[in-house]
């Protein structure tokens, strides 16, 4: 595995690997903005999978290159897809091209929501509330009570709040798409931990999923600690050929 | 794909295949209790993956046989694993043995909960409430208000309520195991739709996931319609090599 970026998420994924919490996955190289073109080419060539945990700009630059090399790429800064009408535009084409995998990030339930979307989307409604401290949202005014700072589509949220909308984009890509997923961002001076609420309604079922995440102290209050573990789950699932969101019992674990 | 059983879940999965909702998957054979040994051998031999949607007894019988044939098996009646100290005891061993995949069934969030469990289980607590009509739970007395009919581990729930505990077992296998997952079953004469509430607490985050499912009319009120779609998601994820619970963008879809 090659890692792009070694900040809050990348650093935590590397730590999880070092602790042996992600069996079967080995860190090959860490790419940073000062990496040379040759270092990048070598790292992609040696990796089975490349993990981006850096920025929307890095994702935009790396996705065509990694997929053209036939390697799979786990993209954390999935807000990049809001810039493109078809999220697959960024990927290299052709039978030997690699794929992009988007982890659920700070939320979950993409398993049941993608199943509900497959059952039918005509009468489906989906809302994602993100409730963070004003500092984590770069809201500078002094707030004494919670305030809605954004309401719109997941696409608009990603363009307006590129650092804090990745979970909305993952949710949208798994279900109703970037333009039919409603996102509400709330700044709340009272919250210590980041909260997410996902509401789904459709004929197959109504779901309300509440996530209250501990914040990674290295991230300036922006990144939930669970996000790095969601990347670890995707790495494990790639090795297993299925999951997360499904239990895999394999004889090869003995 | 070969299907064992054609009841509420199996029938709905077959219907989804016929509607083209599960691309890349084709139904080869449907096995029933009256199938001959030769029909079973042929069906397993021709399939890449076998789906069990029948009964705990059928799961117990088929898991060793299918995995010994080197085929993967999606097991809906996963309560069968409560009968065995190690859930993998039932699987054939060896490098060429097939695997078992357990779908989330009537609930979801196994993606985030398995990530949270990977982050650490020492201080983790997990509760699963199932709230169904008395008829769906085979509670025969006339109830005028909701009543708790069971509280215990996921293992005990599966042994006592084999028809209605599969989601509890899937949840337990994905996280804290069958003996540390607390299950509460509530009979409620007021409920029209089956409700599930999953509560997780650990240092990485607190999650409360509420699922209210439409019931499949063919199932006597026992089976949620989403369950068949969770099987469809696992079939799609096996074909994609990852997911559900992760978005896979692949160039090969063009």
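Residue numbers (the numbering used here), protein chains in the order written: chain A, 119 to 372; chain B, 119 to 372. Beta carbons: idealized from backbone N, C-alpha and C, even for Gly.
Check                                                                                                              : Outcome
Meets three-Cβ-pair contact criterion under 8 Å: the stretch 306-319 of chain A and the stretch 303-322 of chain B : no
DSSP-derived helix/strand/coil call for residue 122 of chain B                                                     : strand
Chain-ordered residues of the stretch 353-366 of chain B with a beta carbon less than 7 Å from chain A             : 355, 356, 359, 360, 361, 362, 363, 364, 365 and 366
Own chain residues within Cβ distance below 8 Å of residue 286 of chain B, not counting five before or after       : 246, 248, 272, 275, 276, 299 and 301
Selection of the stretch 222-253 of chain A by Cβ proximity to chain B, strictly under 8 Å                         : 222, 225, 226, 227, 228, 229, 230, 231, 232, 233, 234, 236 and 237
Beta strand (DSSP E) segment containing residue 147 of chain B, residue limits                                     : 147-149
Under 8 Å by beta carbon: chain A residues contacting residue 308 of chain B                                       : In chain order: nothing, as chain A lies at least about 16 Å away.
Strand pairing of residue 250 of chain A, partner residues [DSSP]                                                  : A/305
Residue 205 of chain A at chain B interface by Cβ criterion, 8 Å                                                   : yes
Secondary structure of residue 298 of chain B, DSSP reduced to three states                                        : coil
8 Å Cβ cutoff, residue 285 of chain B in contact with chain A                                                      : no
Sheet register partners of residue 374 of chain B (DSSP bridge)                                                    : The requested residue 374 of chain B does not occur in the structure, where chain B is confined to residues 119 to 372.
Chain A contacts from the stretch 312-331 of chain B (Cβ-Cβ distance under 7 Å)                                    : 321, 322, 323, 324, 325, 326, 327, 328, 329, 330 and 331
C-beta contact flag for residue 149 of chain A and residue 143 of chain A at 8 Å                                   : no
Residue 270 of chain A: first and last residue of the uninterrupted beta strand (DSSP E) it sits in                : 265-271
C-beta contact flag for residue 331 of chain B and residue 323 of chain A at 8 Å                                   : yes
Best match in A/207, A/288, A/347 and A/190 for proximity to residue 334 of chain A [C-alpha to C-alpha]           : A/347
Pick from A/185, A/159, A/163 and A/192 that is closest to residue 128 of chain A, judged by C-alpha positions     : A/192
Short CB-CB distance (under 8 Å) between residue 195 of chain B and chain A                                        : no
Any chain C beta carbon closer than 8 Å to residue 201 of chain B                                                  : Note that chain C does not occur in the displayed structure, where the protein chains are A and B.
Residues near residue 137 of chain A in its chain [Cβ-Cβ closer than 6 Å; skip 5 each side]                        : none
Residue burial classification, residue 240 of chain A (beta-carbon count within 10 angstroms, cutoff 16)           : exposed
Neighbour list for residue 220 of chain A in chain B, Cβ cutoff strictly below 9 Å                                 : 364, 365, 366 and 367
Contact set for residue 178 of chain B: own chain, Cβ-Cβ below 8 Å, skip 5 residues either direction               : 198, 201 and 208
Limits of the unbroken alpha helix (DSSP H) element including residue 192 of chain B                               : From DSSP, residue 192 of chain B is part of no alpha helix (DSSP H) but of the beta strand (DSSP E) over 190-193.
Rounded C-alpha distance that separates residue 359 of chain B from residue 355 of chain A                         : 8 Å
Residue burial classification, residue 251 of chain A (beta-carbon count within 10 angstroms, cutoff 16)           : buried
Length at least 3, wholly inside the stretch 137-173 of chain B: the beta strand (DSSP E) runs in chain order      : 147-149 and 167-170
Proximal residues of chain A, C-beta to C-beta of residue 348 of chain B below 8 Å                                 : 229, 230 and 233
Beta carbon proximity, residue 351 of chain A to chain B, threshold 8 Å                                            : yes
Whole-angstrom distance between residue 263 of chain A and residue 216 of chain B, CA atom to CA atom              : 56 Å
For residue 356 of chain A, the three-state DSSP class (helix, strand or coil)                                     : helix
Proximal residues of chain B, C-beta to C-beta of residue 288 of chain A below 9 Å                                 : 364 and 365
Extent of the continuous beta strand (DSSP E) to which residue 230 of chain A belongs                              : Taken as a continuous stretch (DSSP letters only), residue 230 of chain A belongs to no beta strand (DSSP E), being part of the alpha helix (DSSP H) at 228-237.
C-alpha gap between residue 120 of chain B and residue 164 of chain B, whole angstroms                             : 8 Å
Check whether residue 364 of chain A and residue 228 of chain B have beta carbons under 8 Å apart                  : yes
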